[in-house]
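Asks: Sending over a structure as structure tokens; questions will come in a sec.
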Amino acid sequence: MSTNVDQIYMRRALKLAANGQGLVEPNPMVGCVIVREDIAANKVEPDADGNEAYAHIVGEGWHERFGGPHAEVNALTAAGELAKGATMYVTLEPCSHFGKTPPCADAIIASGVARVVIAMEDPFPAVAGEGIKKLAEAGISVTVGVLQNKARELNAPYLTRLEKKRPWVIGKWAMTLDGKIATRIGSSYWISSDESRERVHEWRECVDAIVIGSRTAMEDDPKLTVRLPGGREPKRVPTRVVFDSGGTLSVFSELALTARDVPLLLVYGPDTPEGKKEFWESKGAEVVVADAPTYEQRMLILMQTLAERGMTNILVEGGGELLGHMFDLELIDEVRVFVCPKIVGGREAIVPVGGYGRELMRKAATLENRKTEKIGSDILITGRVVY
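Residue numbers (the numbering used here): 4 to 390.
Structure, rendered in structure tokens:
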């Protein structure tokens, strides 16, 4: 098949892969499409450049849930005998090892697929080129690198955990037109619209953890739970994390009152008053003591701890100092910002990103893959941070 046709089917596979978001982590999202040209052809959707293709998709699938069959197996099951002699498009290198499921490479070889087109190699140490090698040694034609950048974008959280040993960090805030997240006395209810707050709950069900600082916990007293329209059950229940070096979280807070029902992780500093850890553990919370002298060092310990627990993406909802320190450490990978049509003024009003910041404007971080969307009365700006 031509390069354009390969891209068309790989785009389809990437679109399928995204269906697994929030359900497959810490595994990567993977999609798979199996195509034959020798069967009555159907027209498939054109790619972004308007290129069209005619072929017959005999099977497709995606990784639907953690621990369940991989995308390749789902697609092969759908294709059945028609997989023999076909071309398979898959967004990530097929695994070659026994994990929670048998090796996908073995299933592909047994199916009789003639050609496999792969978006990118899997950097996971147990795979890392071995799946490609096994397919090639079995006589299957293998093409690697089709829409590789798109595949890396899709699985950026998975790759960040493998390559940087920390989760993918999404910074989220809602601010007024004059760039404030709260008034000078800490009032912030509500900056954003009802529609914007609904969107945040949809984001929460797709992450492993929601992180806030102790000041936000004290002033906003949030639940940090996932509450979806119509009472729909969330895809997952994220862990609520409070970066609370001094152990100041109130025992009467919403977080404390729900600690036995929804996971709560408190991150303490080395000088937290004695007995706090044992007290909160008796209430159902989990406590991690980050034994380091500085805020920044404790933050790095938290990132490593979350990654070691299999967390691939976290949503940081404030406050300004927490986001600021994470920005200074270049830990924020993506931002999702609601700009709301309100002005509060005040030089002492709270800004969304505190910390030290940049001294020179030419060193300011920028956004790539920017998107702008109107939600209710607000404007949502999203993008990936470039330092």
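C-beta: ideal position from N, C-alpha, C; glycine also.
Taking the DSSP output, what are the residues bridged to Ser380?
Replies: Your numbering for residue 380 matches position 377 in the sequence shown. BP columns for Ser380 are empty, so no partner.
Asks: Judging by CA-CA distance, which residue of Arg39, Ile121, Leu363, Ile188 is the nearest neighbour of Val347?
Replies: Residue 347 sits at position 344 when you count from the first residue of the sequence shown. Per the Cα distances, Ile188.
Asks: Ala262 and Pro241: beta carbons closer than 8 Å?
Replies: Within the sequence shown, residue 262 is the residue found at index 259, counting from 1. Within the sequence shown, residue 241 is the residue found at index 238, counting from 1. No; because the gap between Cβ atoms is not below 8 Å, this pair is not in contact.
Asks: To the nearest angstrom, how far is the alpha carbon of Gly250 from that of Val120?
Replies: Residue 250 sits at position 247 when you count from the first residue of the sequence shown. Residue 120 sits at position 117 when you count from the first residue of the sequence shown. So the two alpha carbons sit approximately 52 Å from each other.
Asks: Quick check on the burial criterion: 16 or more other C-beta atoms within 10 angstroms. Buried or exposed for Phe246?
Replies: Residue 246 sits at position 243 when you count from the first residue of the sequence shown. So Phe246 counts as buried.
Asks: Would you call Gly323 buried or exposed, if buried means 16 or more other Cβ atoms sit within 10 Å of its Cβ?
Replies: In the sequence shown, the residue the question calls residue 323 occupies position 320. Gly323 comes out buried.
Asks: Three Cβ pairs or more, each shorter than 8 Å: is that satisfied between the region 346 to 364 and the region 312 to 320?
Replies: Cβ pair count under 8 Å is below three, so no.
Asks: Looking only at its chain, what residues have a beta carbon closer than 6 Å to the beta carbon of Val145, apart from the 5 residues adjacent to it on each side?
Replies: Sequence index remark: in the sequence shown, residue 145 carries index 142 (1-based). So the list reads Val119, Ile135, Leu138, Ala139, once near-sequence residues are dropped.
Asks: Quick check: the Cα distance between Ile378 and Asp109, rounded to an integer number of angstroms?
Replies: To locate residue 378, count along the sequence shown from 1; it is residue 375. To locate residue 109, count along the sequence shown from 1; it is residue 106. Approximately 47 Å between the Cα atoms of the pair.
Asks: Threshold first: 3 residues or longer. Then list the beta strand (DSSP E) segments lying entirely within the region 63 to 120, N to C.
Replies: 90 to 93, all fully within the region 63 to 120.
Asks: So, at 7 Å on beta carbons, what are the nonlocal neighbours of Leu260 in its own chain, with the 5 sequence-adjacent residues on each side left out?
Replies: For this step, residue 260 is matched to residue 257 along the sequence shown. Within the same chain, Leu260 has no close Cβ partners at all.
Asks: If Leu95 and Val33 are in contact, beta carbons under 8 Å, what's the gap, nearest whole angstrom?
Replies: The residue labelled residue 95 in the question sits at position 92 within the sequence shown. The residue labelled residue 33 in the question sits at position 30 within the sequence shown. Contact flag correct, Cβ pair sits at about 5 Å.
Asks: Since Trp176 contacts Leu326 with CB under 8 Å, what's their CB separation in whole angstroms?
Replies: Your numbering for residue 176 matches position 173 in the sequence shown. Your numbering for residue 326 matches position 323 in the sequence shown. Right, their Cβ atoms sit about 7 Å apart.
Asks: Can you pull the DSSP bridge partners for Lys374?
Replies: As a first step, residue 374 is located in the sequence shown; it is residue number 371 there, counting from the start. According to DSSP, which records beta bridges pairwise, Lys374 is partnered with Thr385.
Asks: Write down every uninterrupted run of the alpha helix (DSSP H) in the region 283 to 368 whose length is 4 residues or greater and which is fully enclosed by it, in chain order.
Replies: Complete alpha helix (DSSP H) runs here, min 4: 298 to 311, 323 to 331.
Asks: If distances are taken between C-alpha atoms only, which option among Ser114, Met178, Tyr192 comes closest to Arg339?
Replies: Taking the first residue of the sequence shown as position 1, residue 339 is located at position 336. Closest option to Arg339, Cα to Cα, is Met178.
Asks: For a quick check, are the C-beta atoms of Ala368 and Val342 less than 8 Å apart?
Replies: Reading the sequence shown from its first residue, position 365 is the one you call residue 368. Reading the sequence shown from its first residue, position 339 is the one you call residue 342. No, Cβ-Cβ distance for Ala368 and Val342 is not below 8 Å.
Asks: Note down, in chain order, each residue of its chain lying with its Cβ closer than 7 Å to the Cβ of Glu166, except the 5 sequence neighbours on either side.
Replies: As a position in the sequence shown, residue 166 is number 163, starting the count at 1. Closer than 7 Å at the Cβ level, and outside the excluded window around Glu166, lie Pro126.
Asks: Quick check: what's the CA-CA separation for Lys345 versus Arg15?
Replies: For the purposes of this step, residue 345 is taken as the residue at position 342 of the sequence shown. For the purposes of this step, residue 15 is taken as the residue at position 12 of the sequence shown. The straight-line gap from Cα to Cα measures roughly 41 Å.
Asks: Under DSSP, the alpha helix (DSSP H) around Glu14 begins and ends at which residues?
Replies: The count along the sequence shown starts at 1 and reaches residue 14 at position 11. Residue identity differs from the one stated: residue 14 is Arg in this sequence, not Glu. From DSSP, the alpha helix (DSSP H) with Arg14 extends over 6 to 20.
Asks: Cα-Cα, which of Thr90, Leu231, Leu162, Ser253 is closest to Asp41?
Replies: Residue mapping note: residue 41 aligns to position 38 of the sequence shown, counting from 1. That would be Thr90, whose Cα lies nearest to the Cα of Asp41.
Asks: Between the Cα of His328 and the Cα atoms of Ile335, Leu309, Gly358, Leu303, which residue gives the shortest distance?
Replies: Stepping through the sequence shown from its first residue, residue 328 is reached at position 325. Closest option to His328, Cα to Cα, is Gly358.
Asks: Quick check for students: name the residue ranges of the alpha helix (DSSP H) that lie wholly in the region 136 to 214, counting only runs of 4 or more.
Replies: You should have 151 to 157, 159 to 167, 197 to 207.
Asks: Mapping the DSSP letters down to three states, classify Gly34 as helix, strand or coil.
Replies: Reading the sequence shown from its first residue, position 31 is the one you call residue 34. Here Gly34 sits in strand by DSSP.
Asks: Do Lys87 and Gly115 have their C-beta atoms closer together than 8 Å?
Replies: Looking up residue 87 in the sequence shown gives position 84. Looking up residue 115 in the sequence shown gives position 112. Yes, the pair counts as a contact, with Cβ atoms nearer than the cut-off.
Asks: For Asp294, collect the residues of the same chain with a Cβ closer than 7 Å to its Cβ; drop the 5 residues on either side in sequence, then sort them by chain order.
Replies: Within the sequence shown, residue 294 is the residue found at index 291, counting from 1. Cβ within range, chain order: Pro273.
Asks: Give every residue of the same chain whose Cβ lies closer than 7 Å to the Cβ of Asp197, excluding the five residues on either side of it in the sequence, and list them in chain order.
Replies: The residue you call residue 197 lines up with position 194 of the sequence shown. Correct list, in chain order: Gly379.
Asks: Out of Asn30, Val38, Val76, Glu67, state which residue places its alpha-carbon closest to the alpha-carbon of His59.
Replies: Taking the sequence shown and counting its residues from 1, the one referred to as residue 59 is at position 56. It is Val38.
Asks: Tell me where the beta strand (DSSP E) around Thr242 begins and ends.
Replies: Start at 1 with the first residue of the sequence shown, and residue 242 comes out as number 239. Where Thr242 is concerned, the enclosing beta strand (DSSP E) stretches over 242 to 246.
Asks: Thinking just about the alpha-carbon of each residue, which of Asn372, Thr6, Leu334 is nearest to the one in Ile173?
Replies: One-based indexing of the sequence shown puts residue 173 at position 170. Selected option, being the one with the closest Cα: Leu334.
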